[in-house]
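Following: one structure in structure tokens, then a few remarks.
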Amino acid sequence: MKRLVVLLPVLNEAEGLRWVLERIPYASLEAEGYETEVLVIDGNSTDQTEDVAAAFEARFLPQEGTGKGSAIRYGFREALAMGSEVVVMLDADGTYAPEEMLRLLKPLKQDGVVIGDRLRGEMAPHSMSRLNYIGNHLLTWLASGLYGTATHDVCSGYWAFSRDAIERMMLNSVSFEIEAEMYASMVHRGIAFTYRPISYRPRLGEAKLGSTADGWNILRKLITRRFLPQPLL
Ligand SMILES: Nc1nc2c(ncn2[C@@H]2O[C@H](COP(=O)(O)OP(=O)(O)O)[C@@H](O)[C@H]2O)c(=O)[nH]1
Ligand SMILES: [Mg+2]
């Protein structure tokens, strides 16, 4: 059996987290040879998020400070310490279907990464605002141009990683620029990645991403990492 950690970053996501935890396809994962553990990294939620994690017996760790990027980096360190061979990360807000994780796991290679592609997948009505839709396409197009290696969806929040890829990526993102930085790091480090279409639906609960400011932050990260391939530390 291969050890799989499902990594869920959460901030006041009680409703979405319940939705996700109810849908993790344990039986199909086991049939594919995975032994699955769920790791919830919390940005100090003030709602019932922790109770939901406890009800499903998921491992729950509060992060220091806040930020999705910091949460993911912390989650990677913990997942490696837990001996995981594969990590799947997805937002716990009801936008990404846990049932679809096998679409990412099946093509995953020993040292590669597979990313869920919302832009060529099945997007439910009202799952993305018009501004967000344009922003996602624009950032994806700019990223491909800047790095000379096509990305299909640079801000996707649904990824499957081999242990080897996690160990090789060099990251310091604090917030929502983490996915852009992972893309940049994969290009620079020669980590093989591929895309698979996934569905995307409207989130449950309240959005944490303030689209314009975060969009600029993502663009800045793409430009910085183009010329400064890794964090200075
Ligand atoms: N641990 C942690 N998770 C966060 C933080 N901010 C957002 N998240 C989680 O990251 C995921 C993506 O956030 P979301 O608001 O949906 O942003 P969007 O999908 O990029 O619009 C959700 O599961 C959030 O609960 C944070 O500061 N810390
Ligand atoms: Mg979301």
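Offset between the sequence shown (1-based) and this note's numbering: plus 20.
For glycine and all other residues, C-beta sits at the position ideal for the given N, C-alpha and C.
Below 8 Å between beta carbons: does that hold for residue i and residue j?
i: Val-108; j: Met-121; result: yes
i: Leu-139; j: Asp-173; result: yes
i: Tyr-54; j: Met-21; result: yes
i: Ser-147; j: Tyr-215; result: no
i: Ser-176; j: Glu-197; result: no
i: Gly-132; j: Ala-99; result: no
i: Leu-162; j: Leu-239; result: yes
i: Val-194; j: Gly-89; result: yes
i: Arg-245; j: Glu-187; result: no
If you run the structure through DSSP and keep just helix, strand and coil, what is residue i?
i: Pro-127; result: coil
i: Pro-29; result: strand
i: Ser-182; result: strand
i: Leu-59; result: strand
i: Leu-5; result: Since the displayed the chain opens at 21 and closes at 253, residue 5 lies outside it and no answer follows.
i: Lys-22; result: strand
i: Ile-218; result: strand
i: Asp-173; result: coil
i: Glu-238; result: With the sequence shown as reference, residue 238 is identified as Ile, and Glu is not the correct amino acid for it. In the structure shown, Ile-238 sits in a helix (DSSP, three-state: H, G or I).
i: Gly-141; result: strand
i: Gly-136; result: strand
i: Phe-196; result: coil
Please report the distance separating the alpha-carbon of residue i from that of residue j.
i: Leu-110; j: Tyr-167; result: 24 Å
i: Glu-35; j: Asp-137; result: 24 Å
i: Arg-38; j: Ala-212; result: 33 Å
i: Glu-57; j: Gly-225; result: 25 Å
i: Ile-91; j: Phe-181; result: For clarity, residue 91 is Ala in the given sequence; the question names Ile instead. If I take the Cα positions, the gap works out to 16 Å.
i: Glu-42; j: Ala-73; result: 11 Å
i: Tyr-94; j: Leu-128; result: 22 Å
i: Ser-104; j: Val-26; result: 10 Å
i: Tyr-203; j: Thr-171; result: 8 Å
i: Ala-117; j: Arg-23; result: 21 Å
i: Thr-232; j: Ile-154; result: 11 Å
i: Pro-145; j: His-208; result: 36 Å
i: Leu-28; j: Leu-159; result: 24 Å
i: Gly-87; j: Leu-31; result: 9 Å
i: Gln-20; j: Gly-85; result: Summary: the structure shown does not reach residue 20, with the chain confined to residues 21 through 253, and so no result is reported for it.
i: Ile-44; j: Asn-237; result: 32 Å
i: Ser-48; j: Leu-124; result: 13 Å
i: Gln-130; j: Lys-241; result: 28 Å
i: Leu-248; j: Met-189; result: 14 Å
i: Ile-218; j: Gly-141; result: 5 Å
i: Pro-82; j: Ala-101; result: 16 Å
i: Ala-78; j: Gly-165; result: 40 Å
i: Val-40; j: Thr-66; result: 19 Å
i: Ile-243; j: Ala-75; result: 42 Å
i: Ala-152; j: Met-206; result: Residue identity differs from the one stated: residue 152 is Asn in this sequence, not Ala. When rounded, the distance between both Cα atoms is 24 Å.
i: Ala-51; j: Glu-119; result: 14 Å
Any C-beta of chain D sitting closer than 8 Å to the C-beta of residue i?
i: Leu-159; result: Reference to chain D is not applicable here, since this structure consists of a single protein chain.
Taking any heavy atom of ligand 1 as the mark, which residues have a C-beta closer than 5 Å to it, listed down the chain?
Pro-29, Val-30, Leu-31, Glu-33, Ile-61, Gly-63, Thr-86, Gly-87, Lys-88, Ala-91, Asp-111, Ala-112, Asp-113, Ala-227, Lys-228 and Leu-229
Fully enclosed by the segment 57-126, which beta strand (DSSP E) runs are 3 residues long or longer?
79-82 and 106-109
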